[in-house]
């Protein structure tokens with residue numbers, strides 16, 4: 019039996035490793051177009067901020083280790099260009115332009131996501147950050163060009179993590195986006211807190227700014243020509259979002275779902291039961307709406323990869339879905355979310371109410387205490403907890419997990435109020451800020 | 019209508035304040051035997067560690083503020099000695115030995131808990147820490163006696179918090195307990211981690227040591243004569259546990275429950291429907307076992323106080339119960355728990371399995387990363403998650419809340435594995451340590 023995996027990143031390698039543990043005799047082939055597998059992509063901004071640690075230290079396991087220790091036929095530099103469902107084959111070309119073709123009994127598409135750069139003259143000058151090779155290029159550029167000024171197109175969480183990384187390197191950062199709202203998925207008052215933090219760190223934020231074209235500047239740097247200004251920098255990053263790599267699946271006639279991601283069932287099967295999809299290329303059910311969503315996140319990719327191995331030959335692991343829980347750090351603040359924003363809740367047909375509270379991360383006399391802001395969303399019709407967002411300098415990241423678990427359990431806001439959360443003065447006020455948020459929200463429901 | 023409350027601490031004052039907001043015309047009388055109301059008892063160790071901040075700064079609101087701003091008839095120095103259910107009266111004596119008597123329509127017993135000191139000759143020399151007055155006495159003693167050496171009888175969480183506080187003041191601390199196990203509710207390997215931390219901080223731990231009597235030493239300090247040694251100190255704290263103050267209720271013929279606490283229903287009513295009990299004097303249902311437990315914790319006291327106000331004249335707020343979630347800090351470590359230990363689970367009739375894992379608090383390259391230990395308990399028969407305990411220097415306190423919420427929701431270990439917890443390298447590994455714990459435990463179930 020041949021198990022073929024397209025893509026050697028989180029989902030692909032998780033599936034390969036677990037399949038090997040479960041089925042010692044299975045022939046496992048992984049086809050990876052780049053030359054990097056199994057690295058911590060989310061750690062790239064932090065590595066870039068540290069000139070003394072090579073980016074290759076983010077590699078968790080090398081291709082050769084997978085080959086030697088797990089007998090996985092891992093082929094890098096192998097770009098798959100077509101899936102032939104009639105003959106159960108995948109074909110493509112190597113980096114040396116040699117054609118290849120593999121037969122599969124079970125296939126996993128784990129092609130991940132790709133950066134979406136705006137369609138602009140000169141957009142090839144924008145440096146994205148998605149694969150390890152991108153990180154390598156950015157890190158090289160910083161050193162070789164002696165970057166002192168950088169521009170970032172985009173203000174999402176990758177853009178903000180990179181903004182912090184570059185600032186740590188004493189690089190002056192300007193951020194540009196065409197839209198007018200900063201972190202538009204946060205309530206305005208919360209987004210403002212994050213925006214204030216950036217301004218305090220001397221970041222220039224150019225919102226409502228359309229880039230018209232990008233060109234190499236006379237100085238050797240990059241010139242971004244916008245509708246209202248010209249911005250010269252030594253380097254311009256493009257962090258304007260990602261899209262699922264679903265072309266192979268689409269060309270093979272597999273069902274495509276939300277945001278052009280590959281549609282999968284709770285067992286990670288595509289519309290062809292012998293073909294699975296996992297990781298950033300596939301969709302998922304949302305535990306709050308029970309509707310399909312495309313939310314590319316690392317934990318889900320790992321979990322889905324494992325589940326594919328479990329489900330290769332039987333329905334063993336049914337994935338319940340995602341809550342869209344995420345957190346990122348930007349300078350001294352953490353920004354976290356789980357579940358729906360009030361806008362998403364409206365779109366999903368709920369009658370949502372949100373309420374923003376301010377509390378403290380610890381008892382007020384404790385060292386390290388900081389303000390913490392929690393916005394909670396509930397459904398007026400059913401009383402159900404729908405989601406929460408939080409911002410603060412202390413105690414935000416793990417507190418959001420209480421909400422994530424509550425969303426999986428389908429709890430009401432009133433039920434959440436009753437949860438017995440931990441209290442000690444060094445770690446929180448008597449009423450955890452998320453309990454206070456729930457109590458205040460419940461009054462509005 | 020007269021609402022009379024016995025006890026002006028967390029539960030009593032929460033009930034009084036909320037009842038005032040709900041019922042502007044209700045006559046509310048609070049009878050408090052001490053002269054302190056509404057203070058942060060849990061913050062006392064941290065205040066004691068700080069000689070520059072008076073202990074009275076822990077007072078959240080003074081008696082006069084309750085009287086002036088909320089028209090609550092708050093009487094301090096009023097010790098209730100009897101409840102007369104036939105005539106609906108409470109009677110007692112003031113600090114000036116004046117008798118008093120009040121009629122009630124609804125009564126709340128919020129008498130809290132009292133320190134239980136061992137029955138030893140000289141035990142009046144042991145200084146407990148429960149009420150603000152105790153904190154005042156300890157703080158005064160440290161200053162006036164110029165304490166350099168202190169002994170603590172007991173090794174529970176109050177003892178450990180005080181050990182840290184005294185060490186911060188450069189006081190040399192010895193701890194004594196008759197039992198042989200340190201933190202016996204933790205798995206041995208976890209307890210050892212905490213014990214190692216204390217030894218590293220130069221704390222002397224005398225376990226298996228029976229105290230025979232305590233006396234004033236010739237030097238003016240205190241001498242603790244034990245079976246195997248004599249320990250001289252400038253001050254000896256007694257932190258050997260607490261017991262519910264339920265004598266008034268018992269004498270009035272109300273039902274008494276587990277650990278001699280006052281038995282209440284989910285609406286906080288005692289066996290007399292016009293008499294409520296809330297706070298550390300009353301029992302609660304445990305969300306995992308659905309059996310009665312006595313777990314005195316501050317959040318529950320506040321929550322129960324509010325619920326009493328809600329339920330004075332109608333069944334408005336049903337409390338679901340407690341998960342026994344708690345956390346404390348001792349030097350660089352946090353120790354947290356929620357739900358049942360494997361021993362408690364066995365006693366409750368489960369067929370429990372536990373598993374201890376070691377993970378990291380953040381991604382391995384991140385500053386601040388520390389080892390984190392999680393022990394998780396599940397039921398072999400049903401697969402149900404029963405509880406967890408965790409120890410570590412980073413990221414322990416709020417992570418336990420995910421387990422607390424899962425216990426309220428009655429989740430299985432397999433369900434918990436699926437929860438979509440937040441991930442970013444500065445805050446955790448891709449698989450949160452509690453997910454790793456659940457995955458490993460599930461293999462044993």
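Residue numbers (our numbering), protein chains in the order written: chain X, 19 to 463; chain R, 19 to 463. We put the CB at the ideal spot given by N, CA and C, even for glycine. Since we're looking at a predicted model, the values are computed, not measured.
### Query
Should residue 443 of chain R be flagged as near chain X, meaning a C-beta pair shorter than 8 Å?
Here residue 443 of chain R refers to the residue found at position 425 when the second chain is read from its first residue. At least one CB atom of chain X sits nearer than 8 Å to the CB of residue 443 of chain R.
### Message
Between R:132, R:448 and R:166, which has its C-alpha nearest residue 253 of chain R's C-alpha?
### Response
On the second chain, position 235 is the one that residue 253 of chain R refers to. Comparing alpha carbon positions, the residue from R:132, R:448 and R:166 closest to residue 253 of chain R is R:166.
### Task
Pair every Cβ in the segment 178-197 of chain R with every Cβ in the segment 62-75 of chain R, then say whether three or more of these pairs are closer than 8 Å.
By the Cβ criterion, the segment 178-197 of chain R is in contact with the segment 62-75 of chain R, since at least three pairs of Cβ atoms, one from each stretch, lie closer than 8 Å.
### Message
I'd like the span of the beta strand (DSSP E) that includes residue 295 of chain X, first residue to last.
### Response
Counted from its first residue, the first chain places residue 295 of chain X at position 277. Element bounds for residue 295 of chain X: 293-295.
### Query
Counting Cβ pairs closer than 8 Å, one from the segment 411-424 of chain X and one from the segment 427-446 of chain R, do we hit at least three?
By the C-beta criterion, the segment 411-424 of chain X is judged to be in contact with the segment 427-446 of chain R, since at least 3 inter-stretch pairs fall below 8 Å.
#### Entry: Pairwise C-alpha distance: residue 261 of chain R and residue 278 of chain R
Here residue 278 of chain R refers to the residue found at position 260 when the second chain is read from its first residue. Here residue 261 of chain R refers to the residue found at position 243 when the second chain is read from its first residue. Taking the straight line joining both Cα atoms gives about 8 Å.
#### Entry: Beta-carbon neighbours of residue 347 of chain X, restricted to chain R and to distances below 9 Å
The residue labelled residue 347 of chain X in the question sits at position 329 within the first chain. For residue 347 of chain X, the neighbours in chain R by C-beta distance under 9 Å run, in chain order, 442, 443, 444 and 445.
### Task
Helix, strand or coil for residue 242 of chain R, going by three-state DSSP, please let me know.
Counted from its first residue, the second chain places residue 242 of chain R at position 224. Here residue 242 of chain R sits in strand by DSSP.
### Query
According to DSSP, which residues form a beta bridge with residue 397 of chain R?
Along the second chain, one-based indexing puts residue 397 of chain R at 379. Paired residues: R:370.
### Query
Between the segment 308-334 of chain X and chain R, which residues of the former have a C-beta closer than 8 Å to a C-beta of the latter?
For the segment 308-334 of chain X, the set of residues with a beta-carbon nearer than 8 Å to any beta-carbon of chain R comprises 315, 316, 317, 318, 320 and 321, in chain order.
### Task
Determine the closest residue to residue 38 of chain X out of X:52, X:308, X:129 and X:23, with distance taken between C-alpha atoms.
Residue mapping note: residue 38 of chain X aligns to position 20 of the first chain, counting from 1. Of the candidates X:52, X:308, X:129 and X:23, the one whose C-alpha sits nearest the C-alpha of residue 38 of chain X is X:23.
### Query
On the three-state DSSP scale, how would you describe residue 103 of chain X?
For this step, residue 103 of chain X is matched to residue 85 along the first chain. Residue 103 of chain X falls in the coil class under three-state DSSP.
### Task
Rounded to whole angstroms, what's the CA-CA distance from residue 106 of chain X to residue 454 of chain R? Just pull it up for me.
Numbered from 1 along the first chain, position 88 holds the residue referred to as residue 106 of chain X. Numbered from 1 along the second chain, position 436 holds the residue referred to as residue 454 of chain R. Distance from the CA atom of residue 106 of chain X to the CA atom of residue 454 of chain R, rounded to whole angstroms, is 36 Å.
### Task
Can you give me the Cβ contacts of residue 146 of chain X inside the same chain, cut-off strictly under 6 Å, excluding the 5 residues immediately before and after it?
Stepping through the first chain from its first residue, residue 146 of chain X is reached at position 128. Annotation for residue 146 of chain X: 133, 152 and 256 place their beta carbon closer than 6 Å to its own, counting only its chain and skipping 5 residues before and after.
### Query
Do residue 242 of chain X and residue 191 of chain X have their C-beta atoms within less than 8 Å of each other?
Taking the first chain and counting its residues from 1, the one referred to as residue 242 of chain X is at position 224. Taking the first chain and counting its residues from 1, the one referred to as residue 191 of chain X is at position 173. A distance of 8 Å or more separates the beta carbons of residue 242 of chain X and residue 191 of chain X.
### Message
Does the structure place the segment 402-417 of chain R close enough to the segment 313-332 of chain X that three or more beta carbon pairs sit under 8 Å?
### Response
The segment 313-332 of chain X and the segment 402-417 of chain R do not touch, with fewer than 3 CB-CB distances between them shorter than 8 Å.
### Message
Strictly below 8 Å CB to CB, what residues from chain X border residue 417 of chain R?
### Response
Position 399 of the second chain, counted from the start, is the residue given in the question as residue 417 of chain R. The contacting residues are 416 and 419.
### Task
Could you check which residue in X:379, X:98, X:463 and X:97 has the C-alpha nearest to that of residue 373 of chain X?
As a first step, residue 373 of chain X must be located in the first chain, where it is residue number 355. Of the listed residues, the one whose Cα sits closest to residue 373 of chain X is X:463.
### Query
Which residues does DSSP pair with residue 425 of chain X in a beta bridge?
In the first chain, counting from the first residue as 1, residue 425 of chain X sits at position 407. According to DSSP, residue 425 of chain X bridges with nothing at all.
### Task
Quick one: list the residues of chain R neighbouring residue 341 of chain X, beta-carbon separation under 8 Å, in chain order.
As a working mapping, residue 341 of chain X is identified with position 323 in the first chain. Neighbours of residue 341 of chain X in chain R, taken as residues whose beta carbon is under 8 Å from its own, are 437 and 438 in chain order.
### Message
Excluding the 5 residues flanking residue 51 of chain X on each side, which residues of the same chain have their C-beta closer than 6 Å to its C-beta?
### Response
Numbered from 1 along the first chain, position 33 holds the residue referred to as residue 51 of chain X. For residue 51 of chain X, the CB contacts under 6 Å within the same chain, skipping 5 residues up- and downstream, are 97 in chain order.
### Message
By DSSP's criteria, residue 193 of chain X is part of a beta bridge. Which residues make up the other side?
### Response
Counting from one through the first chain, the residue named residue 193 of chain X turns up at place 175. Beta-bridge pairing links residue 193 of chain X to X:170 and X:223.
### Message
Does residue 435 of chain R come out as helix, strand or coil in the three-state DSSP assignment?
### Response
Against the second chain, residue 435 of chain R aligns to sequence position 417. Helix.
### Query
Quick one, are the C-beta atoms of residue 20 of chain R and residue 121 of chain R less than 8 Å apart?
The count along the second chain starts at 1 and reaches residue 20 of chain R at position 2. The count along the second chain starts at 1 and reaches residue 121 of chain R at position 103. Yes, the pair counts as a contact, with Cβ atoms nearer than the cut-off.
### Task
Kindly identify the DSSP beta-bridge partner or partners of residue 343 of chain X.
As a working note, residue 343 of chain X is residue 325 in the first chain. Among the bridge pairs identified by DSSP, residue 343 of chain X is matched with none.
### Query
What are the boundary residues of the beta strand (DSSP E) that includes residue 58 of chain X?
On the first chain, position 40 is the one that residue 58 of chain X refers to. No beta strand (DSSP E) holds residue 58 of chain X; DSSP gives it neither H nor E.
### Chain-ordered residues of the segment 391-413 of chain X with a beta carbon less than 7 Å from chain R
Residues passing the 7 Å Cβ filter: 413.
### Task
Determine, using beta carbons only, whether residue 404 of chain X and residue 368 of chain X come nearer to each other than 8 Å.
Within the first chain, numbered from 1, the residue matching residue 404 of chain X stands at position 386. Within the first chain, numbered from 1, the residue matching residue 368 of chain X stands at position 350. Cβ atoms of residue 404 of chain X and residue 368 of chain X: closer than 8 Å.
### Task
Mind listing the chain X neighbours of residue 384 of chain R? Cutoff is C-beta to C-beta under 9 Å, in chain order.
In the second chain, counting from the first residue as 1, residue 384 of chain R sits at position 366. Neighbours of residue 384 of chain R in chain X, taken as residues whose beta carbon is under 9 Å from its own, are 61 and 64 in chain order.
### Task
State the beta-bridge partners of residue 22 of chain R as determined by DSSP.
For the purposes of this step, residue 22 of chain R is taken as the residue at position 4 of the second chain. In DSSP, residue 22 of chain R forms a bridge with R:47 and R:125.
### Query
Counting only beta-carbon atoms, is residue 378 of chain R nearer than 8 Å to chain X?
Mapped onto the second chain, residue 378 of chain R falls at position 360. Not one chain X Cβ lies under 8 Å of residue 378 of chain R.
### Where residue 363 of chain R sits in the DSSP three-state scheme
For the purposes of this step, residue 363 of chain R is taken as the residue at position 345 of the second chain. Helix, per DSSP.
### Message
Pull the bridge partners of residue 287 of chain R from the DSSP assignment, please.
### Response
For the purposes of this step, residue 287 of chain R is identified with residue 269 of the second chain, where counting begins at 1. Per DSSP, R:294.
### Query
At least one CB of chain R closer than 8 Å to the CB of residue 351 of chain X: is that the case?
Counted from its first residue, the first chain places residue 351 of chain X at position 333. Taking Cβ atoms only, chain R never reaches closer than 8 Å to residue 351 of chain X, which makes this a no.
### Task
For residue 429 of chain R, return the contacting residues in chain X, with the cut-off set at a CB-CB distance below 9 Å.
Position 411 of the second chain, counted from the start, is the residue given in the question as residue 429 of chain R. Here the neighbours are 423, 426 and 427.
### Query
From which residue to which residue does the beta strand (DSSP E) around residue 357 of chain X run?
As a working mapping, residue 357 of chain X is identified with position 339 in the first chain. Run containing residue 357 of chain X: 351-357, per the beta strand (DSSP E) assignment.
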